[in-house]
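Chemist:
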Amino acid sequence: MTRDIRLYLQDIVDSIEKIQRYTESLTFAQFELSEMVIDAVIRNFEVIGEAAGHVPDEFHTRYPEIPWYKMKAMRNIMAHEYFRVDLEIIWRTSRESLPPLVEKINSVINDQ
Numbered sequence: 022m023t024r025d026i027r028l029y030l031q032d033i034v035d036s037i038e039k040i041q042r043y044t045e046s047l048t049f050a051q052f053e054l055s056e057m058v059i060d061a062v063i064r065n066f067e068v069i070g071e072a073a074g075h076v077p078d079e080f081h082t083r084y085p086e087i088p089w090y091k092m093k094a095m096r097n098i099m100a101h102e103y104f105r106v107d108l109e110i111i112w113r114t115s116r117e118s119l120p121p122l123v124e125k126i127n128s129v130i131n132d133q
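Per the numbering used here, residue 22 is the first one in the sequence shown, and the count goes up by one each step.
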């Protein structure tokens, strides 16, 4: 049975919201010292990338403002090259890229 695309999009939103919730009260210095938060954030970035990988190519064309490829690429680095993970990049991405991304994904969900 094929999973509805809206469920993958909602997975992305849910994971973004978890990352935001886990990190909202932390500074970068606190974040990089919290093994549990780092693990949780990395896991949710992996979910974002995995869900993005299930989004059909037609959505890539219809919504080019969403970084589908970057989401998948980040997941692959975290899953397969764990020791190359740069906490500063994860932190910056969570602070700068995720807030506008969640709005864009919610807009796509509302279009469905």
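Virtual Cβ for every residue (Gly too), placed ideally from N, Cα, C.
Every value quoted in this text rests on a predicted model; they were computed, and no experiment measured them.
Helix, strand or coil: which one does DSSP assign to residue 130?
Modeler: Working through the sequence shown from its first residue, we reach residue 130 at position 109. Here residue 130 sits in helix by DSSP.
Chemist: Are the CB atoms of residue 122 and residue 41 within a distance shorter than 8 Å?
Modeler: Stepping through the sequence shown from its first residue, residue 41 is reached at position 20. Stepping through the sequence shown from its first residue, residue 122 is reached at position 101. No, Cβ-Cβ distance for residue 41 and residue 122 is not below 8 Å.
Chemist: Where does residue 28 sit, in a helix, a strand or coil, going by DSSP?
Modeler: Position 7 of the sequence shown, counting from 1, holds the residue named residue 28. In the structure shown, residue 28 sits in a helix (DSSP, three-state: H, G or I).
Chemist: Distance check for residue 23 and residue 111, CA to CA, integer angstroms please.
Modeler: The count along the sequence shown starts at 1 and reaches residue 111 at position 90. The count along the sequence shown starts at 1 and reaches residue 23 at position 2. Cα to Cα, the separation comes out at about 31 Å.
Chemist: When the Cα of residue 124 is compared with those of 25, 26, 29 and 34, which residue comes out closest?
Modeler: Mapped onto the sequence shown, residue 124 falls at position 103. Nearest option by C-alpha distance: 34.
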